[in-house]
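Residue numbers (the numbering used here), protein chains in the order written: chain A, 23 to 137; chain B, 629 to 745.
The block underneath contains the structure these notes are about, expressed in structure tokens.
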Amino acid sequence: QQQVKQSPQSLIVQKGGISIINCAYENTAFDYFPWYQQFPGKGPALLIAIRPDVSEKKEGRFTISFNKSAKQFSLHIMDSQPGDSATYFCAASMFTTDSWGKLQFGAGTQVVVTP
Amino acid sequence: GAVVSQHPSRVICKSGTSVKIECRSLDFQATTMFWYRQFPKQSLMLMATSNEGSKATYEQGVEKDKFLINHASLTLSTLTVTSAHPEDSSFYICSAREPLAGYYEQYFGPGTRLTVT
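In structure tokens, the structure reads:
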């Protein structure tokens with residue numbers, strides 16, 4: 023059972039446009055929501071993360087919007103560039119002595135930014 | 629920033645042999661490391677969680693006798709795929725949690741591409 027549902031599966035956006043990826047979760051115990059960027063043949067890299075006590079976090083061209091009541095969060099990539107073409111994963115986590123903060127990943131979204 | 633390395637980056641082995649993959653935290657002490665596998669165009673699937681000096685905790689459906697994990701020091705964890713079969717061919721990725729960065733933040737290694745012929 024996938025605990026974090028991610029959409030869309032793929033996305034094509036023109037250079038300069040906005041990419042929006044959505045994720046939804048069920049477990050209200052989750053309290054850490056990161057986004058990772060992965061290029062082919064590479065490990066994921068942390069892009070930006072949010073805790074549920076804030077509704078929005080912005081770092082450069084990347085913004086996370088968080089809706090606790092709806093149990094949804096999204097990544098917005100502003101002014102998308104060809105170098106942003108990658109697969110993006112949302113994730114959720116909670117820290118317990120059983121889980122040690124293990125991440126539950128979404129299915130991933132392949133983003134292609136056309137010139 | 630925190631750096632995690634993996635060795636080797638690519639390995640090809642014959643069916644029935646064993647292969648060891650190393651995961652090292654280069655500039656921090658990692659009390660907890662995680663091992664994932666990733667098939668093409670799929671998400672990361674957590675295989676196991678290892679804490680330094682303790683036995684690894686395996687996710688449901690992962691064969692602990694086939695995927696041996698050792699976290700012998702605060703900077704090194706190893707994954708040994710025993711009696712490898714072609715279906716074990718995958719991209720194996722480790723991550724490490726740095727306690728000083730907080731409870732949650734994990735740093736991922738670059739991955740190891742395993743091909744079993």
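The beta carbon of each residue, even a glycine, is placed where N, CA and C say it ideally should be.
All values derive from a computational prediction rather than experimental measurement.
The beta-bridge partner set that DSSP reports for Ile42 of chain A consists of A:His98. Taken through DSSP and simplified to helix, strand or coil, Leu696 of chain B comes out as strand. When 8 angstroms is used as the limit between beta carbons, Asn679 of chain B is near these residues of chain A: Trp122, in chain order.
DSSP places Glu650 of chain B inside the beta strand (DSSP E), whose first and last residues are Val647 to Ser653. Closer than 9 angstroms to the CB of Lys37 of chain A there is not a single CB belonging to chain B. The closest CA to that of Asp106 of chain A, considering only A:Gly123, A:Ile34 and A:Ser77, is found on A:Ile34.
Among the residues facing chain B, Leu97 of chain A is not included, as its CB has no counterpart in that chain under 9 angstroms away.
The C-beta of Met100 of chain A has fewer than 16 other C-beta atoms within 10 Å across all chains shown, which makes the residue exposed.
Think of a sphere of 9 angstroms around the beta carbon of Leu674 of chain B: the chain A residues whose beta carbon falls inside it are Lys124, Leu125, Gln126 and Phe127, in chain order. For Leu33 of chain A, the nearest beta carbon of chain B is not closer than 9 angstroms to its own beta carbon. Take Thr136 of chain A, set aside five residues on each side of it, and the residues of its chain with a beta-carbon closer than 7 angstroms to its own are Ile34, Gln36 and Lys37, in chain order. For Val133 of chain A, the pairing in a beta bridge is given by DSSP as A:Leu33 and A:Ala108. Where Met661 of chain B is concerned, the enclosing beta strand (DSSP E) starts and stops at Thr660 to Gln666. Here the alpha carbon of Val631 of chain B sits roughly 16 angstroms from the alpha carbon of Trp663 of chain B. Between the C-alpha atoms of Gly128 of chain A and Cys112 of chain A there is a straight-line separation of about 5 angstroms. Less than 9 angstroms divides the Cβ of Cys45 of chain A from the Cβ of Ser96 of chain A.
Using a Cβ-Cβ distance cut-off of 8 angstroms, the stretch 731–740 of chain B and the stretch 630–650 of chain B are in contact, since at least three pairs of beta carbons, one from each stretch, lie closer than that value. Contact between Ile721 of chain B and Leu707 of chain B is ruled out by a C-beta separation of about 10 angstroms, above the 8 angstroms threshold. Residue pairing of His713 of chain B in beta bridges, as defined by DSSP: absent, with no partner found.
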